[in-house]
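For reference, the structure discussed in these notes is given below.
Residue numbers (UniProt numbering): 1 to 214.
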């Protein structure tokens, strides 16, 4: 049975600079976006636009699967470590994204590159409380950006778990990851909380605006 496609209709603040590279702060929870299951089905039948492939990557326990299903169902789902991948279709204002949530355990990261072909957007989810492993996230990020199949991909980074005490801010993470040095890929880093949905629709809005330029 075909899974429902969700249409995100609310407009969110973009916070995107002229260069397409920016740091964003959450201004409203995803719940305010009035997600309605099945509301995109008729639109899907009429669609004339192409689908944009997205990979959602990050270390284990960063919140990747929680974010994917917040996008899809606007609710928190109980998740277990992803072995392989989850794939869902998401519709945002007539823009269609095919999102691949890829397992982030150490033993699985070497297989990430099998998903890179035809990818237009990378969503990197970072656990803002995991200071010790931020260096690993940085290594994986630049490994991806150097891959031939991702040379044209835009990059969205979710600084997740902003509700937690002593979390790093998006600006701190941006500085540590030296995002300002990335010149060949449009990028945006967005503060978020996957459990509440706060900040997620701003990230989707940035992706939608970039998709419109392709």
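Glycine included, each C-beta is placed from N, C-alpha and C at the ideal position.
Based on the DSSP secondary-structure assignment, which residues constitute the bridge partners of residue i?
i: residue 187; result: 155
i: residue 51; result: 96
i: residue 85; result: 102
i: residue 199; result: Its beta-bridge partners do not exist; DSSP assigns none.
i: residue 167; result: The partner list for residue 167 (beta bridge, DSSP) is empty, contrary to what the question assumes.
i: residue 63; result: Note: residue 63 sits in no beta bridge, so no partner.
Quick check on residue i: buried or exposed, where buried means 16 or more other Cβ atoms within 10 Å of its Cβ?
i: residue 179; result: buried
i: residue 99; result: buried
i: residue 152; result: exposed
i: residue 114; result: exposed
i: residue 118; result: exposed
i: residue 164; result: exposed
i: residue 289; result: Outside the displayed span of the chain (1 to 214) sits residue 289, for which this structure offers no information.
i: residue 147; result: exposed
i: residue 139; result: exposed
i: residue 210; result: buried
Mind reading off the beta-carbon distance from residue i to residue j? Whole number of angstroms is fine, and I expect it under 8 angstroms.
i: residue 155; j: residue 187; result: 4 angstroms
Is it the case that the CB of residue i approaches a heavy atom of the ligand HEM more closely than 8 angstroms?
i: residue 88; result: Summarising the ligand content, the structure contains no ligands, and the ligand HEM is consequently not present.
**Minimum length 4: unbroken alpha helix (DSSP H) runs contained in the stretch 88-157** = 134-145
**Message:** Contact between the stretch 151-163 and the stretch 124-131 is defined here as three or more beta-carbon pairs at a separation below 8 angstroms; is this criterion met?
**Reply:** yes
**Message:** Three or more C-beta pairs under 8 angstroms: does that hold for the stretch 88-104 against the stretch 59-77?
**Reply:** yes
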